[in-house]
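Novice:
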Amino acid sequence: MSTPFRRARQAITHALRYVFNLFLPTTCPACQNPLPPSEPLTFCAPCYAKMPWWNTAQILPPSLPPAIASFAAPCLYAEPLRSAILHLKFHHGLPYAAPLAKLLLPHLPTTPMLIIAVPSHPSRTRQRHYNHVVAMARYLVQHSGHTFHPTALKRIRKEEPQSAKTRAARLKLPASAFRANRKLIEGKNILLLDDIYTTGATARACALALRKAGAASVHVRTLAYTPPGT
Ligand SMILES: [Zn+2]
């Protein structure tokens, strides 16, 4: 099948699945079992009971580069959150953006900030048909005093996904992979949003690009943290 036909077929399949999902009973983002109608937009009780909340007294936060003013995440990158993030990213899981973003609400800074979602390269967003971090940002804006701009930070170099690299290779991600729009960024306190913080290389590269464009401060929030050695 030629490429345009294949792309069209993928787009139609995606659209149909998305519409279909809207009419399905809401399901748990992790195990995908149906949720009771009284508890939409959350996890099922067994998954929620197993949520790998991050106790920062037991597992210390990473040391931060100077460009990052603060970092917090509600959970460690472990089951059942891991499955939920993978469903959101790779399995037409856009409806799961809201229940996942909801986990972040208690961890947001109290001062209103400009939310910037860590951008994927446009070609990767096209493959997936949506940017899952942008979808989470939109939920957070609706439920907090923060604002959001979808294009204030762009990825200008396509790299292998960070998840496909070794820890050492991830640390080499340069700030030049991103470009921030000075008009939108200058003087602002930025809340940089991503799904997982592993080495911090992506957050650092984004934060450097944002500070170079005049950001007053960059605060990083992710759903999950992967401590070294895990
Ligand atoms: Zn579940």
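In the numbering used here, the protein residues as written are 1322 to 1551.
Where a beta carbon is used, it is the ideal one built from N, C-alpha and C, also for glycine.
So, under 8 Å CB-CB, Lys1475 and Arg1459 are touching, yes? Tell me the CB distance rounded to an integer number of Å.
Specialist: The Cβ separation is near 18 Å, so there is no contact.
Novice: Taking Cβ positions, are Lys1509 and Leu1461 nearer each other than 8 Å?
Specialist: no
Novice: By how many angstroms is the C-alpha of Ala1456 removed from the C-alpha of Gly1463?
Specialist: It is worth fixing the name first, because residue 1463 is Gln in this sequence and not Gly. Rounded to whole angstroms, Gln1463 to Ala1456 spans 11 Å at the Cα level.
Novice: Classify Pro1420 as helix, strand or coil using the three-state DSSP reduction.
Specialist: helix
Novice: Determine the contact status of Ile1511 and Leu1531, defining contact as a CB-CB distance below 8 Å.
Specialist: yes
Novice: Please classify Pro1475: does DSSP put it in a helix, a strand, or coil?
Specialist: According to the sequence provided, residue 1475 is Lys. The question's Pro does not apply to it. DSSP places Lys1475 in strand when its eight states are reduced to three.
Novice: Using DSSP bridges, identify the partner residues of Leu1512.
Specialist: Ile1436 and His1540
Novice: Can you tell me whether Phe1364 is helix, strand or coil according to DSSP?
Specialist: In the displayed model, Phe1364 falls within coil according to three-state DSSP, outside both helix and strand.
Novice: Kindly provide the chain-ordered list of residues whose Cβ lies closer than 7 Å to any non-hydrogen atom of ligand 1.
Specialist: Cβ atoms closer than 7 Å to ligand 1 belong to Cys1349, Ala1351, Cys1352, Asn1354, Phe1364, Cys1365, Pro1367, Cys1368 and Pro1401.
Novice: Based on the DSSP output, what are the partners of Pro1355 in its beta bridges?
Specialist: Thr1348
Novice: Going straight from the alpha carbon of Pro1358 to that of Leu1429, what length do you get?
Specialist: 28 Å
Novice: Beta-carbon separation of Leu1362 and Pro1395 under 8 Å?
Specialist: no
Novice: By the three-class DSSP mapping on this structure, what secondary structure does Tyr1369 have?
Specialist: helix
Novice: Ala1528 lies in the alpha helix (DSSP H); which residues open and close that run?
Specialist: Ala1522 to Lys1533
Novice: To which residues of the same chain is Asn1286 closer than 7 Å at the C-beta, ignoring the five residues directly before and after it?
Specialist: There is simply no residue 1286 to check, as the chain begins at 1322 and stops at 1551 in what is shown.
Novice: Tell me Thr1468's beta-bridge partners as DSSP assigns them.
Specialist: Leu1435
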